[in-house]
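Single-structure report; data block below.
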Amino acid sequence: MMTTQTSPNFLVIQADQMAASALSAYDNPFTRTPHIDALGAAGTVFRNSYCAFPLCGPSRASMMTGQLPSRIRAYDNAAELSSEIPTFAHYLRARGYQTSLSGKMHFVGADQLHGFERRLTSDIYPGDFYWTETLTTRTAKTRSDGRAVTQSGLCKRTVQLDYDELAMANAEQHLYDMARSSDDRPFMSVVSLTHPHDPYYCTQHYWDLYEGVDIPPPAVPALPIDQQDPLTRYIMTRHELDDGFDEQTVTRARRAYYGAVSYIDHQVGRLVSLLEDLSLRDNTVIIFTSDHGEFLGERGLWFKRHFYEPAAAVPLIIAAPGGVKGQTVTQNVSLMDLLPTFLDMAGDHELADLREPIDGKSLVPLMGGDSRESVVYSEIMSDGLPAPIFMVRRDNWKLIHGPAYPAELYDLDADPHEETNLATAPHAQEVLNRLLAEAEAKWDAAAIQADIELSISRRLLVRDAHQAGKPPEWDYVTPSGEEGRWCRASSDYNEWSFRMI
């Protein structure tokens with residue numbers, strides 16, 4: 001690979017369920033994340049970055065397309081992303097990039113590539129409609145029940161560790177392959193890992209990093225369930241969290257989670273070090289982020305599926321060659337902003353390549369010191385809810401609102417832990433009414449809910465039909481023939497033997 005190309009390479013490192021507040025780059029005083037810290041010191045830390053849906057599949061589809069989940073019908077973890085909707089992998093590939101994905105992206109449907117020229121691993125979640133669930137089935141207990149908390153702690157090995165180690169090994173091998181290849185196209189490589197997603201486990205090495213550390217309890221204690229908002233009550237009941245956990249269990253789960261955070265930090269270090277070894281760091285933009293956050297016991301909640309900061313906010317760090325180092329951006333930004341940012345950095349400054357309007361905006365101006373309207377939007381739909389619920393974060397204010405839920409309004413400057421709902425406060429009525437009007441103008445909740453019900457009905461029929469006979473094979477399987485790469489065929493023995501960096 002030539003290292004003198006004008007278009008930069010991109011390396012996206014995505015964690016799963018990584019709370020921004022779990023990182024020292026976001027002021028956590030005790031987590032061990034030196035490599036992520038170094039990345040922040042080399043680039044820009046976006047302090048107020050949000051996902052567009054605090055759930056794995058919809059968040060990733062939104063990130064890849066730059067569009068709100070409701071626009072692309074990414075209603076839940078079993079919703080299909082249409083093959084006709086371009087992703088950042090499509091746009092960059094059309095501009096001459098080689099694109100690859102190692103790890104998970106939660107694609108559902110026959111298309112398991114969505115613009116990636118190569119996938120280096122299978123996914124870790126089903127690619128069919130198996131997880132489609134209705135309001136009725138969602139009243140039952142979920143798979144992600146309280147056992148993820150009660151059985152947390154030390155492990156020797158887990159399936160998630162197996163998967164992430166494979167994703168890392170294949171990603172590193174792919175970087176080696178590109179470095180010694182005659183293909184001089186720039187690359188967009190996504191390495192998407194499953195940690196620190198529950199269940200909360202870590203190995204001895206990462207557990208020991210927090211030996212003697214006074215891990216604090218959640219900043220916001222759990223309220224009695226009858227005093228919680230309706231969405232929180234639903235989540236707590238659904239996930240078997242309503243009885244709570246004792247202090248020892250909570251501390252053990254939090255320690256294991258932080259150990260998994262440090263595991264991810266180590267993988268970031270591996271990849272950055274390899275870029276340096278291959279002389280690729282100086283022309284590669286490195287992005288670190290997550291699909292959503294994690295409650296980790298805050299408010300008595302675990303996992304995600306709410307708009308409170310622990311679940312909705314995500315880390316976002318971008319280190320670009322020649323960019324400002326050690327910079328912090330405080331404007332509200334979204335994962336949807338990544339697609340136009342990639343195009344802008346790749347030379348399409350006016351975003352002329354776009355085939356349709358998108359919701360994201362390039363982050364390049366903010367990285368250059370400019371300012372912009374500080375507003376982001378997020379959604380929670382389907383997943384057993386009787387109606388969608390929406391979030392507007394504008395400046396320091398956050399509105400949580402839906403037709404079936406009472407409004408919540410928080411001033412995050414004065415109340416960063418969102419403990420005081422100002423929706424009924426007289427002094428906040430002007431702000432409340434303005435944000436409610438903005439939300440109602442942006443979303444047609446009734447139309448969205450009707451389409452959700454249609455989508456679920458269709459998917460359930462297709463799922464049942466597939467189960468009645470031989471099902472289609474939508475789960476991605478890496479191409480066979482890998483064993484051929486090691487064969488010293490006599491015709492190219494010399495070329496093979498000296499293929500080195």
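Residue numbers are given in this note's numbering: position 106 of the sequence shown equals residue 106, and the series is strictly consecutive.
Glycine residues also receive a C-beta, built at the ideal position from the N, C-alpha and C atoms.
Can you list, in chain order, the residues of its chain with a C-beta nearer than 6 Å to that of residue i? Leave out the 5 residues immediately preceding and following it.
i	result
SER70	GLU379, ILE448
ALA407	HIS401, ALA423
LEU399	VAL392, LEU409, LEU435
ARG143	The predicted model places ARG143 with a pLDDT of 49, which falls under 50 and marks its position as unreliable; any figure quoted below should be read in that light. For ARG143, where only same-chain residues beyond five positions count, there are no Cβ hits under 6 Å.
ALA219	HIS417
GLN14	SER192, THR289
MET188	PHE10, LEU92, TYR97, THR99
Within its chain, find whatever has a CB closer than 8 Å to the CB of residue i; leave out the 5 residues flanking it on each side and keep chain order.
i	result
PHE498	Low confidence applies here, because PHE498 scores a pLDDT of 41, under 50, leaving its location unreliable; read the following figure in that light. Hits under 8 Å: none found.
PRO471	ASP128
ASP214	PHE30
ASP16	CYS56, LYS104, SER192, LEU193, THR194, HIS195, PRO196, HIS197, SER290, ASP291
ALA256	SER152, GLY153, LEU154, TYR200, TYR201, CYS202, TRP207
ALA446	PRO403
VAL462	PHE129
GLN503	In the structure as shown, the chain begins at 1 and stops at 501. Residue 503 is therefore absent and cannot be evaluated.
Using CA atoms only, rank isn't needed, just tell me which of the options is closest to residue i.
i	options	result
VAL149	GLU133, GLU294, MET105, ASP16	GLU294
TYR405	ASP411, ALA346, ALA22, THR232	THR232
THR6	LEU280, LEU120, GLU133	LEU280
PHE390	GLU419, PRO126, ASP444, ALA94	ASP444
ASP226	THR237, ALA219, VAL220, SER62	THR237
GLY153	MET18, GLU350, TRP207	TRP207
THR249	GLY323, LEU278, TYR234, TRP302	TRP302
ILE286	ALA167, ARG118, LYS304, ARG270	ARG270
TYR176	GLY146, GLU276, VAL477, ASP243	GLU276
HIS466	ASP265, TYR130, PHE116, ALA89	TYR130
VAL190	ASP184, ALA171, CYS202, ASN421	ALA171
LEU296	ILE72, GLN228, ARG252, SER273	ARG252
GLU247	GLU211, GLU298, VAL272	GLU298
State yes or no: is the C-beta of residue i within less than 7 Å of the C-beta of residue j?
i	j	result
ALA332	ASN28	It should be noted that the sequence gives Asn, not Ala, for residue 332. No; because the gap between Cβ atoms is not below 7 Å, this pair is not in contact.
VAL268	ILE36	yes
GLY43	ILE318	yes
MET336	ASP353	no
PHE288	LEU11	no
PRO58	MET345	no
MET63	LEU338	yes
ALA61	ALA74	yes
THR132	ARG459	yes
ALA167	TRP474	no
ARG93	THR99	yes
GLY96	ARG185	yes
HIS205	LEU120	no
PHE283	PRO321	Note that residue 283 is Asn in the sequence shown here, rather than Phe. Contact: yes.
ASP411	ASN396	yes
THR478	VAL45	no
GLY300	ALA222	yes
ILE452	SER382	yes
Spell out the partners DSSP gives residue i in its beta bridges.
i	result
ALA15	SER290
LYS104	Note: LYS104 sits in no beta bridge, so no partner.
ASN332	ASN48
PHE10	MET188, VAL285
ARG32	DSSP output for ARG32 lists no bridge partner at all.
LEU409	LEU399
VAL153	Checking the displayed sequence, the identity of residue 153 turns out to be Gly instead of Val. GLY153 is bridged to TYR201.
ILE317	VAL45, PHE288
GLN327	THR44
ARG118	SER100
Can you list, in chain order, the residues of its chain whose CB lies under 7 Å from that of residue i, leaving out five sequence neighbours each side?
i	result
GLY484	Confidence in GLY484 is poor, its pLDDT being 45 and thus under 50, which makes the residue's placement unreliable; the coordinate value appears in the next sentence. Within the same chain, GLY484 has no close Cβ partners at all.
LEU209	ARG32, GLY259, SER262
THR341	SER362, LEU363, VAL364
GLU482	In this prediction, GLU482 scores a pLDDT of 49, lower than 50, which makes its location untrustworthy; the coordinate-derived value is nonetheless stated afterwards. Closer than 7 Å at Cβ, skipping near neighbours: no residue.
CYS51	SER59, ASP291, HIS292, ALA312, VAL314, LEU335, SER378
LEU274	GLU172, LEU175
GLU117	ARG93, GLN98, THR99, SER100
TYR163	ILE124, THR194
TYR493	The pLDDT assigned to TYR493 is 42, lower than 50, so where the model puts this residue is not dependable, and the model offers no usable value.
Would you say the beta carbon of residue i is closer than 6 Å to some non-hydrogen atom of the ligand ZN?
i	result
ILE400	Among the ligands in the structure shown, none appear at all, so the ligand ZN cannot be discussed.
Closest Cβ-Cβ distance between residue i and chain C: below 7 Å?
i	result
THR249	Protein chains in the displayed structure number just one, and chain C is not present.
- Task: Mind listing, in chain order, the continuous beta strand (DSSP E) runs of no fewer than 3 residues lying wholly within the region 172-232?
- Result: Listed in chain order, they are 187-192.
- Query: Mind pulling the alpha helix (DSSP H) runs of 4 or more residues that sit fully within the region 347-405?
  - Reply: Qualifying alpha helix (DSSP H) stretches, in chain order: 364-367.
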